[in-house]
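Protein chains in written order, with the numbering used here: chain A, 209 to 430; chain B, 209 to 430. Encoded as structure tokens, the structure appears first; notes follow it.
Protein chains: 2
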Amino acid sequence: MAENLPAVEVRKRDPEGTRRDIMAVATVEFANQGFAGARVDKIAEDTATTKRMIYYYFGSKEGLYLAVLEAAYEEVRLLETNLNVDDLEPLLALRQLAEFTYDHHTSHQAFIRLVQIENIHRAEHLEKSQRIRDLNSTAIFTLESIIKRGVDGGIFRSDIDALDAHMMISAYSIFQVANQHTFKSIFGRDMLDANLHDKYRRLAGDMIVDVMTQVLPPSQKK
Amino acid sequence: MAENLPAVEVRKRDPEGTRRDIMAVATVEFANQGFAGARVDKIAEDTATTKRMIYYYFGSKEGLYLAVLEAAYEEVRLLETNLNVDDLEPLLALRQLAEFTYDHHTSHQAFIRLVQIENIHRAEHLEKSQRIRDLNSTAIFTLESIIKRGVDGGIFRSDIDALDAHMMISAYSIFQVANQHTFKSIFGRDMLDANLHDKYRRLAGDMIVDVMTQVLPPSQKK
DNA sequence: GAACCTTTTCACTATTTAGTTAGAAAGCGA
DNA sequence: TCGCTTTCTAACTAAATAGTGAAAAGGTTC
């Protein structure tokens with residue numbers, strides 16, 4: 209009866225598929241519960257396979273977590289490469305980068321949760337993954353080039369480097385996702401409300417553009 | 209031999225002291241390990257009293273966590289009231305508030321960790337605490353007054369309200385603490401390095417002042 | 001068809017964990 | 001002194017938890 213129905217049990221042996229199944233489920237569980245809070249039995253339950261296979265492929269809970277973390281960083285990096293702003297004037301390029309980052313982060317909340325969890329653990333797992341540390345965010349190179357052009361053109365401050373700018377853009381975007389729950393609970397505002405999205409995306413651009421374009425007059429004591 | 213030595217076992221019955229002892233230790237443990245990661249036995253071990261007393265006073269692990277969270281929010285609120293910027297012109301007041309917040313957050317890292325942990329839990333514990341939700345940050349009232357003066361004076365944008373401004377200031381300051389570990393691991397920069405503190409405090413002020421003082425000309429398409 | 005890889009089954013273990021029982025000693029305020 | 005509160009001791013429990021053992025069967029590849 210079921211043999212002709214679409215691909216649910218088409219695969220009999222599909223190691224890659226099994227790994228992907230486990231990791232997809234584990235990503236959700238780790239992002240939702242944290243490393244200590246996640247339950248291997250729960251993950252196994254939600255997959256099409258068994259706990260034994262988790263250990264067969266990933267060795268340990270930590271091994272699985274690390275695989276999930278690596279995959280999340282890699283996926284995000286892939287998406288980053290979609291942005292090309294080399295043809296735009298620095299001001300517009302910077303705005304585009306910031307607004308793209310904002311959209312990107314607000315639509316990859318599981319990734320942000322994993323990053324926050326990793327920070328609670330003081331990045332101890334990330335430190336173990338040479339692979340993640342290698343795939344240095346491409347956003348930095350893009351930013352470096354934009355900033356160089358803006359500084360050379362005399363329209364950008366020269367005392368904010370690419371990492372500083374990245375920090376500000378990330379801070380703004382990540383905060384809205386990462387701290388949405390306490391913010392809403394205390395102030396009653398849902399920062400991710402669809403009605404606010406356009407305003408907050410624009411504000412991400414305003415924020416970084418406005419601060420970068422304040423070329424300091426020597427008179428102003430700072 | 210030990211009877212004349214300073215206050216270690218001075219107290220015989222000191223319920224308040226016992227509570228404080230437990231909470232101080234629990235704050236560290238929860239901030240470091242998260243709720244699921246924290247161990248009641250470990251907390252008991254690090255106090256001068258026993259596990260039984262933790263349950264005597266706090267009922268459960270969650271009860272203790274909630275007490276810790278409430279105390280942390282209250283302490284931070286107390287410190288916020290130290291700031292008085294009513295006499296300053298709005299531009300300087302805003303800068304002072306931002307830079308004060310930056311200093312404040314970078315020197316209360318345990319609190320920030322608790323907030324991040326609470327966000328991982330989608331603020332479910334915070335929701336249970338009417339007490340925390342009541343002590344609405346005084347920073348908001350201060351900000352409201354500053355912004356009103358700035359907007360009335362024609363030097364501030366009128367489309368950014370106090371919560372928006374608070375969000376930007378918090379995002380900047382909290383990010384540097386909350387995400388310091390992944391940031392350092394990936395980019396090699398310690399955002400909390402003492403040598404960078406002055407620069408980053410100033411930048412907190414620049415960021416919010418620059419974005420607020422961009423009064424939009426109608427011609428500029430936004 | 002042989003060797004190897006993947007998958008299933010499932011009971012099992014050792015440890016950790018939050019939380020308890022029960023009693024008793026001792027301080028403190030009235 | 002009486003009664004209530006606080007503190008300590010120390011074993012104990014029940015459940016949850018990460019991880020394993022061992023065997024067998026079914027695919028896959030060469």
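Heads up, the beta-carbon is just placed ideally off N, CA and C, and yes, glycines get one too.
Where residue i falls: helix, strand or coil (DSSP)
i: residue 345 (chain B); result: coil
i: residue 398 (chain B); result: coil
i: residue 333 (chain A); result: helix
i: residue 315 (chain A); result: coil
i: residue 241 (chain B); result: helix
i: residue 339 (chain B); result: helix
i: residue 368 (chain A); result: coil
i: residue 419 (chain A); result: helix
i: residue 221 (chain A); result: coil
i: residue 413 (chain B); result: helix
i: residue 387 (chain A); result: coil
i: residue 325 (chain A); result: helix
i: residue 355 (chain B); result: helix
i: residue 363 (chain B); result: coil
Close Cβ partners of residue i (< 6 Å) along its chain, the five nearest in sequence each way excluded
i: residue 281 (chain A); result: 340
i: residue 386 (chain A); result: 320 and 324
i: residue 370 (chain B); result: 348, 351, 352 and 355
i: residue 317 (chain B); result: 385
i: residue 377 (chain A); result: 306, 309 and 416
i: residue 303 (chain B); result: 413 and 417
Residue nearest to residue i in terms of C-alpha spacing, selected from the options
i: residue 268 (chain B); options: B:236, B:298, B:247 and B:223; result: B:247
i: residue 258 (chain A); options: A:344, A:318 and A:227; result: A:227
i: residue 334 (chain A); options: B:368, B:391 and B:319; result: B:391
i: residue 404 (chain B); options: A:396, A:322, A:367 and A:311; result: A:367
i: residue 293 (chain A); options: A:376, A:357, A:412 and A:233; result: A:357
i: residue 270 (chain B); options: B:338, B:418 and B:244; result: B:244
i: residue 276 (chain A); options: A:362, A:295, A:222 and A:232; result: A:232
i: residue 229 (chain B); options: B:291, B:256, B:395 and B:304; result: B:256
i: residue 422 (chain B); options: B:328, B:225, B:364 and B:342; result: B:364
i: residue 395 (chain B); options: A:242, A:343, A:401 and A:306; result: A:343
i: residue 272 (chain B); options: B:236, B:312, B:289 and B:285; result: B:236
i: residue 397 (chain A); options: B:410, B:372 and B:382; result: B:372
i: residue 223 (chain B); options: B:249, B:264, B:312 and B:378; result: B:264
i: residue 329 (chain B); options: A:225, A:418 and A:241; result: A:241
i: residue 332 (chain A); options: A:239, A:261 and A:274; result: A:274
i: residue 278 (chain B); options: B:336, B:303 and B:359; result: B:336
i: residue 434 (chain B); options: A:266, A:393, A:291 and A:402; result: Absent from the model: residue 434 (chain B). The displayed extent of chain B is 209 to 430, so no value can be given.
i: residue 322 (chain A); options: A:254, A:283, A:253 and A:295; result: A:283
i: residue 290 (chain A); options: A:345, A:266 and A:262; result: A:345
Status (buried if at least 16 other CB within 10 Å, exposed otherwise) for residue i
i: residue 420 (chain A); result: buried
i: residue 416 (chain B); result: buried
i: residue 380 (chain A); result: buried
i: residue 297 (chain A); result: exposed
i: residue 388 (chain A); result: buried
i: residue 327 (chain A); result: buried
i: residue 414 (chain B); result: buried
i: residue 239 (chain A); result: buried
i: residue 260 (chain A); result: exposed
i: residue 418 (chain A); result: buried
i: residue 428 (chain B); result: Its pLDDT being 49, under 50, residue 428 (chain B) is placed unreliably in this model, and the coordinates cannot settle the point.
Contacts around residue i, its chain only, beta-carbon distance under 7 Å, and the 5 residues preceding and following it disregarded
i: residue 374 (chain B); result: 347, 348 and 351
i: residue 301 (chain A); result: 293 and 354
i: residue 234 (chain A); result: 251, 272 and 276
i: residue 361 (chain B); result: 298
i: residue 312 (chain A); result: 287
i: residue 411 (chain B); result: none
i: residue 249 (chain B); result: 259
i: residue 254 (chain B); result: 233
Same chain, Cβ closer than 8 Å to residue i, five either side skipped, listed in chain order
i: residue 408 (chain B); result: 310, 384 and 399
i: residue 215 (chain A); result: Here the model assigns residue 215 (chain A) a pLDDT of 35, short of 50, so the residue's position is not dependable and the matter cannot be decided.
i: residue 314 (chain A); result: 381, 384, 385, 400 and 405
i: residue 359 (chain B); result: 365 and 366
i: residue 285 (chain A); result: 343, 345 and 346
i: residue 266 (chain B); result: 230, 272 and 275
Jot down the residue ranges of each uninterrupted beta strand (DSSP E) in the stretch 247 to 296 of chain A, minimum 3 residues, whole runs only, in chain order. none
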